[in-house]
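To keep things clear, I will list the structure first and then write my remarks on it.
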Amino acid sequence: AQKITQTQPGMFVQEKEAVTLDCTYDTSDPSYGLFWYKQPSSGEMIFLIYQGSYDQQNATEGRYSLNFQKARKSANLVISASQLGDSAMYFCAMRDFYGGSQGNLIFGKGTKLSVKP
Amino acid sequence: GAGVSQSPSNKVTEKGKDVELRCDPISGHTALYWYRQSLGQGLEFLIYFQGNSAPDKSGLPSDRFSAERTGGSVSTLTIQRTQQEDSAVYLCASSLLAGGLAKNIQYFGAGTRLSVL
Numbered sequence: 001a002q003k004i005t006q007t008q009p010g011m012f013v014q015e016k017e018a019v020t021l022d023c024t025y026d027t028s029d030p031s032y033g034l035f036w037y038k039q040p041s042s043g044e045m046i047f048l049i050y051q052g053s054y055d056q057q058n059a060t061e062g063r064y065s066l067n068f069q070k071a072r073k074s075a076n077l078v079i080s081a082s083q084l085g086d087s088a089m090y091f092c093a094m095r096d097f098y099g100g101s102q103g104n105l106i107f108g109k110g111t112k113l114s115v116k117p
Numbered sequence: 118g119a120g121v122s123q124s125p126s127n128k129v130t131e132k133g134k135d136v137e138l139r140c141d142p143i144s145g146h147t148a149l150y151w152y153r154q155s156l157g158q159g160l161e162f163l164i165y166f167q168g169n170s171a172p173d174k175s176g177l178p179s180d181r182f183s184a185e186r187t188g189g190s191v192s193t194l195t196i197q198r199t200q201q202e203d204s205a206v207y208l209c210a211s212s213l214l215a216g217g218l219a220k221n222i223q224y225f226g227a228g229t230r231l232s233v234l
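Below, the structure written as structure tokens:
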């Protein structure tokens with residue numbers, strides 16, 4: 001069955017340091033997409049970065065990069081040079097077409113990141 | 118507006134009452150999704166609309182839940198005879214396309230926080 005696992009309920013990082021948020025996934029479908037979203041206290045889910053299962057290179061978007069290790073089924077988010085505004089919940093999500101799914105996202109439980117000044 | 122708009126932002130209701138939650142997707146987006154975010158369950162898929170096709174209702178938890186999408190744009194999620202376990206944040210998302218591509222980024226609204234007393 002499809003599943004996303006985020007093993008870190010909470011993380012602390014010092015401002016300006018880098019931090020890695022873990023995500024592992026499970027799917028039988030060879031074609032899938034992996035997403036990271038940020039949810040600040042305001043509640044809106046903000047798209048950060050995408051990695052496709054056939055992409056040869058790790059995705060990067062500004063200070064965000066995705067460490068994609070396909071054989072290990074992991075898709076860790078790396079945030080470089082943390083800022084106070086990065087304090088939020090972070091969700092890893094997967095989209096595939098297993099079982100005829102039309103592509104709704106499956107989410108992990110999330111990691112609460114707190115950036116310390 | 119530029120983003121997905123949801124109303125109301127907060128809704129308090131009494132057990133047994135019906136509620137309607139509204140979602141206005143990004144203009145031009147053909148796919149619309151509803152998710153529920155609750156403390157114990159994380160983010161769960163509820164229902165998906167794509168153009169004029171029949172909606173995917175596979176995530177609706179009971180027949181008290183229904184949704185419509187009029188004119189391929191605005192969607193309304195209706196919960197009849199609300200129960201306390203319906204208390205959650207209801208998130209709406211839209212994407213430009215759906216199906217066929219793993220990378221169809223879903224953009225979320227800020228959600229409606231429903232409290233059933």
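Order-wise, the sequence lines are chains A and B. According to the numbering used here, the first sequence is numbered sequentially starting from 1. According to the numbering used here, the second sequence is numbered sequentially starting from 118. Don't be surprised by glycine CBs; every beta carbon is placed ideally from N, CA and C. Predicted, not measured: the structure shown is a model, and the values here were computed from it.
Practice prompt. Could you tell me which chain A residues have their CB closer than 7 Å to the CB of F225 of chain B, listed as they occur along the chain?
Written response: E44 and M45, listed in chain order.
Discussion item. For M11 of chain A, report the span of its beta strand (DSSP E) as first-last.
Written reply: Residues G10 to Q14.
Discussion item. Could you check whether G120 of chain B and I143 of chain B sit closer than 8 Å to each other, using their CB atoms as the reference points?
Written reply: The criterion of a C-beta distance shorter than 8 Å is satisfied by I143 of chain B and G120 of chain B.
Worksheet entry | Paired residues, beta bridge with I196 of chain B - DSSP | B:V136 and B:F182.
Discussion item. Taking only three categories from DSSP, how would you classify Q56 of chain A?
Written reply: In the structure shown, Q56 of chain A sits in coil (DSSP, three-state: anything other than H, G, I, E or B).
Discussion item. By DSSP's criteria, T24 of chain A is part of a beta bridge. Which residues make up the other side?
Written reply: Paired residues: A:T5 and A:S74.
Fill in: Selection of the region 151 to 162 of chain B by Cβ proximity to chain A, strictly under 7 Å
For chain A, the residues of the region 151 to 162 of chain B that bring a beta carbon within less than 7 Å of one of its beta carbons are G159, L160 and F162, in chain order.
Worksheet item: According to the Cβ coordinates, are D26 of chain A and K73 of chain A closer than 8 Å?
Response: If you check the CB distance, D26 of chain A and K73 of chain A come in under 8 Å.
Worksheet item: Since G33 of chain A sits in a beta bridge, which residues does DSSP pair it with?
Response: Answer by DSSP bridge pairing, in chain order: A:G52 and A:R95.
Discussion item. With H, G and I counted as helix, E and B as strand and the rest as coil, what does DSSP make of T147 of chain B?
Written reply: Reduced to three states, the DSSP call for T147 of chain B is coil.
Practice prompt. Anything in chain B within Cβ reach of Y25 of chain A, meaning under 9 Å, just list it in chain order.
Written response: Per Cβ cutoff of 9 Å: no residues; Y25 of chain A is ~13 Å from chain B at best.
Worksheet item: Applying the criterion that 16 or more other CB atoms from any shown protein chain within 10 Å of the CB defines a buried residue, is G110 of chain A buried or exposed?
Response: Result: buried.
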